[in-house]
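Read through the structure below, which is laid out as structure tokens, and then see the notes.
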């Protein structure tokens, strides 16, 4: 921090120290600034509001009513019912697939990132620097550039068109590894591991029983972000899967849209819109409910940047 | 930044042992399968060519020379470069402004702002693109509504001239909140006493931002820029999905990734597609590396 700012005398600082964060929060509010930032807020929320409003409209209502206001009849529940039952309930099948990919893919990715991040933060081992160089370098490789070769490789291994083709590539998150590594460095004192070792605990026992609870905010953060990545994954399942029975929601929704845009295809825009709303709700809910965890996890991750 | 810190070697007891491998091993195994092996395989593929007569044969760097002379590839690269030059600065600047506003503590309901502006990040690119695509559209979109209500004809966001800007808007919408959160998290780490001291010394807010806040979050700025550069060069989902809504505006070689995808899956030209993908990976890494170097140099 090379600034010309002087630190005030220690006495005046220590007297007000307990009030420091309170003083910061209680600083005078500015209506102008709130309104200006409100523009970005409106921009962020308008499409979501549009989606919510339009999921209450019938196919006909979509075409004749104003986009940002409700139509005469409220068709949200019939839309939801139609979304779930259309084409023999394929939407539910896609939802199940997405849950499978998220559970195994994001869960596995988090587990591997936590284990690896802890290993990098708390152990010195031969080849550690090489591991870093390779993993950090890999972050810069465009994931989509790998997609075609991965597809060809997996198709030789007979994995394409199976859930594995989507799950296995989801298991690696270099960003998650980086986040866990910085987090573990801060959250676990070396002395704690030392003490456990003196008490005769095994390395893995120490990790699972003592360190894992301390890593919780970081784990929630990595889990949430890998969940988003897996839930929102489009490119990978698009190329790996041919059979609609294995599609996740994202690819399925786009298939409905393709069908609706094709001349002669059944226009199911109301189902696409309601299906989109149902697709994003679980993630929005997860982010809102787990705010406290992921925000502290991210903050800790950025300490060292 | 990351690599440098390993050198300080803050391992437990600073003893070198193989236990660490037990922890990082599982990650590395999968990593090798889904990152290293495909890269190796892509390089291998790019050196061959499949001909109708003669089958698969080694052609050395022919695919690469072909890519470098391919006007469709260059037009795709030019398009994402333009996208990068315009969209990324707008998005990051907006994200920085919001982060500074929230961090200033002068907003009413700052917690709401933070979460609400971040929310679009949780929306899948498919849903984001479909939503915006419908809103752009004339059939039941907002543009159609406005045209009808005011009796005007607004330019069509899905026309060939405007579609890149429309995609830029979608991407900005998706990632402004995410970048804002990265900046905000970094800002929170700056000791409050620094601001207070500066205020007592009579420094203006602008001066505090320029002299204290921006230097303090330079690392986060560099990281966000690198991620955005990579994201721009990888651009695929948004144009690919918009293609159904705007088939005339988005060509099969709209972005390099879309081009590689079309070559593989419509054209069955796997070898040439692999070469295109590798050229793009190299370009991306070089630019990400330059951004990192510049960011780090200014830091020291």
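Chains as they are written, first to last, in the numbering used here: chain U, 166 to 470; chain B, 10 to 309. Cβ coordinates follow ideal geometry from the N, Cα and C atoms, glycine included. Quantities reported herein were computed from a predicted structural model and do not represent experimental measurements.
Neighbour flag for residue 405 of chain U against chain B, beta carbons, 8 Å: The residue given as residue 405 of chain U occupies position 240 in the first chain. No, its Cβ sits nowhere closer than 8 Å to a Cβ of chain B.
Collapsed DSSP secondary structure at residue 319 of chain U in the structure displayed: Start at 1 with the first residue of the first chain, and residue 319 of chain U comes out as number 154. Note: residue 319 of chain U maps to helix in three-state DSSP.
Other residues of its chain near residue 194 of chain B: CB distance less than 7 Å, five sequence neighbours each side excluded: Within the second chain, the letter at position 185 stands for residue 194 of chain B. Excluding residues within five positions, none has a Cβ falling inside 7 Å.
Completely contained alpha helix (DSSP H) runs for the segment 215–303 of chain B, where each covers 4 or more residues: 227–242, 246–254 and 265–274
Nearest-angstrom Cα separation, counted from residue 341 of chain U out to residue 271 of chain B: As a working mapping, residue 271 of chain B is identified with position 262 in the second chain. As a working mapping, residue 341 of chain U is identified with position 176 in the first chain. Distance between the alpha carbons of residue 271 of chain B and residue 341 of chain U is about 31 Å.
Buried versus exposed call for residue 303 of chain B [16 or more other C-beta atoms within 10 Å across all chains shown]: Sequence index remark: in the second chain, residue 303 of chain B carries index 294 (1-based). Exposed, by the Cβ-count rule.
Cβ pair count under 8 Å reaching 3, the segment 133–145 of chain B against the segment 217–229 of chain B: no
Alpha-carbon to alpha-carbon, residue 459 of chain U and residue 344 of chain U: Looking up residue 344 of chain U in the first chain gives position 179. Looking up residue 459 of chain U in the first chain gives position 294. Computed Cα separation, rounded: 12 Å.
Test: residue 284 of chain U CB closer than 8 Å to a CB of chain B: The residue given as residue 284 of chain U occupies position 119 in the first chain. So yes, residue 284 of chain U belongs to the interface.
Assigned exposure category for residue 86 of chain B - 16 Cβ within 10 Å defines buried: Start at 1 with the first residue of the second chain, and residue 86 of chain B comes out as number 77. Classification of residue 86 of chain B: buried, given that the 10 Å Cβ count is 16 or more.
Residue 265 of chain U and residue 328 of chain U closer than 8 Å at C-beta: As a working note, residue 265 of chain U is residue 100 in the first chain. As a working note, residue 328 of chain U is residue 163 in the first chain. For residue 265 of chain U and residue 328 of chain U, yes; Cβs fall inside 8 Å.
Same chain, Cβ closer than 6 Å to residue 103 of chain B, five either side skipped, listed in chain order: For the purposes of this step, residue 103 of chain B is taken as the residue at position 94 of the second chain. Closer than 6 Å at Cβ, skipping near neighbours: 185.
CB contact flag (residue 183 of chain B, residue 132 of chain B, <8 Å): The residue given as residue 183 of chain B occupies position 174 in the second chain. The residue given as residue 132 of chain B occupies position 123 in the second chain. Taking 8 Å as the Cβ cut-off, residue 183 of chain B and residue 132 of chain B qualify as a contacting pair.
Cutoff 8 Å: residue 328 of chain U Cβ touching any chain B Cβ: Along the first chain, read from residue 1 onward, the residue named residue 328 of chain U stands at position 163. Answer no: the Cβ-Cβ gap between residue 328 of chain U and chain B never drops below 8 Å.
With 16 other Cβ atoms within 10 Å as the buried cut-off, status of residue 453 of chain U: Walking along the first chain from the start, residue 453 of chain U turns up at place 288. With fewer than 16 Cβ atoms within 10 Å of its Cβ, residue 453 of chain U is classed as exposed.
Under the three-state DSSP convention, the category residue 210 of chain B falls into: The residue given as residue 210 of chain B occupies position 201 in the second chain. Residue state, collapsed to three classes: coil.
C-beta neighbour in chain B for residue 441 of chain U, strict 8 Å: Reading the first chain from its first residue, position 276 is the one you call residue 441 of chain U. True, the Cβ-Cβ gap to chain B drops below 8 Å.
Presumed contact (8 Å Cβ cut-off) between residue 241 of chain B and residue 97 of chain B, rounded CB distance: Walking along the second chain from the start, residue 241 of chain B turns up at place 232. Walking along the second chain from the start, residue 97 of chain B turns up at place 88. Their Cβ separation, rounded to whole angstroms, is 6 Å, which keeps residue 241 of chain B and residue 97 of chain B in contact under 8 Å.
Reduced DSSP secondary structure (H/G/I, E/B, other) of residue 66 of chain B: As a first step, residue 66 of chain B is located in the second chain; it is residue number 57 there, counting from the start. Three-state DSSP puts residue 66 of chain B in a strand.
Same chain only: Cβ atoms within 7 Å of residue 263 of chain B, ignoring 5 sequence neighbours per side: As a first step, residue 263 of chain B must be located in the second chain, where it is residue number 254. If we look at residue 263 of chain B and ignore the five residues flanking it on each side, its Cβ neighbours are 85, 88 and 248.
Members of the segment 135–150 of chain B near chain U, C-beta cut-off 8 Å: 135, 136, 137, 139, 140, 141, 143, 144, 148, 149 and 150
Between the CA atoms of residue 218 of chain U and residue 253 of chain U - distance to the nearest angstrom: For this step, residue 253 of chain U is matched to residue 88 along the first chain. For this step, residue 218 of chain U is matched to residue 53 along the first chain. C-alpha separation (whole angstroms): 26 Å.
Residues that residue 294 of chain U bridges to, as DSSP identifies them: Sequence index remark: in the first chain, residue 294 of chain U carries index 129 (1-based). None, per the DSSP bridge assignment.
Members of the segment 229–247 of chain B near chain U, C-beta cut-off 7 Å: 229, 232, 239, 242, 243, 245 and 246
First through last residue of the beta strand (DSSP E) which encompasses residue 60 of chain B: Here residue 60 of chain B refers to the residue found at position 51 of the second chain. Looking at the DSSP string, the run of the beta strand (DSSP E) that includes residue 60 of chain B is 57–60.
Backbone secondary structure at residue 289 of chain U - three-state DSSP: Taking the first chain and counting its residues from 1, one reaches residue 289 of chain U at position 124. If DSSP states are grouped into helix, strand and coil, residue 289 of chain U belongs with the strands.
Cα-Cα separation, residue 180 of chain B to residue 239 of chain B: Along the second chain, one-based indexing puts residue 180 of chain B at 171. Along the second chain, one-based indexing puts residue 239 of chain B at 230. Roughly 13 Å between the two C-alpha positions.
Span separating the alpha-carbon of residue 212 of chain U from that of residue 355 of chain U: Here residue 212 of chain U corresponds to residue number 47 of the first chain, with the count starting at 1. Here residue 355 of chain U corresponds to residue number 190 of the first chain, with the count starting at 1. Roughly 48 Å between the two C-alpha positions.
At least three beta-carbon pairs within less than 8 Å, the segment 252–267 of chain B to the segment 168–176 of chain B: yes
Coil, strand or helix - residue 341 of chain U by DSSP: Taking the first residue of the first chain as position 1, residue 341 of chain U is located at position 176. Residue state, collapsed to three classes: helix.
Cβ of residue 303 of chain U within 8 Å of any chain B Cβ: Translated into the one-based positions of the first chain, residue 303 of chain U becomes position 138. Residue 303 of chain U counts as touching chain B.
Residues near residue 313 of chain U by beta carbon distance below 8 Å, same chain, minus five either side: In the first chain, counting from the first residue as 1, residue 313 of chain U sits at position 148. Excluding residues within five positions, the ones whose Cβ falls inside 8 Å are 404.
Contact set for residue 330 of chain U: own chain, Cβ-Cβ below 6 Å, skip 5 residues either direction: The residue given as residue 330 of chain U occupies position 165 in the first chain. Only 319, 324 and 405 meet the Cβ criterion.
Distance, residue 276 of chain B Cα to residue 123 of chain B Cα: Taking the second chain and counting its residues from 1, one reaches residue 123 of chain B at position 114. Taking the second chain and counting its residues from 1, one reaches residue 276 of chain B at position 267. For residue 123 of chain B and residue 276 of chain B, the distance between alpha carbons rounds to 45 Å.
Residue 332 of chain U vs residue 287 of chain U beta-carbon contact at 8 Å: As a first step, residue 332 of chain U is located in the first chain; it is residue number 167 there, counting from the start. As a first step, residue 287 of chain U is located in the first chain; it is residue number 122 there, counting from the start. In this structure, residue 287 of chain U does not lie closer than 8 Å to residue 332 of chain U by Cβ.
Residue 429 of chain U: contacting residues in chain B (beta-carbon distance under 8 Å): Position 264 of the first chain holds residue 429 of chain U. Under the 8 Å cutoff, chain B gives no residues; its nearest Cβ is about 15 Å from residue 429 of chain U.
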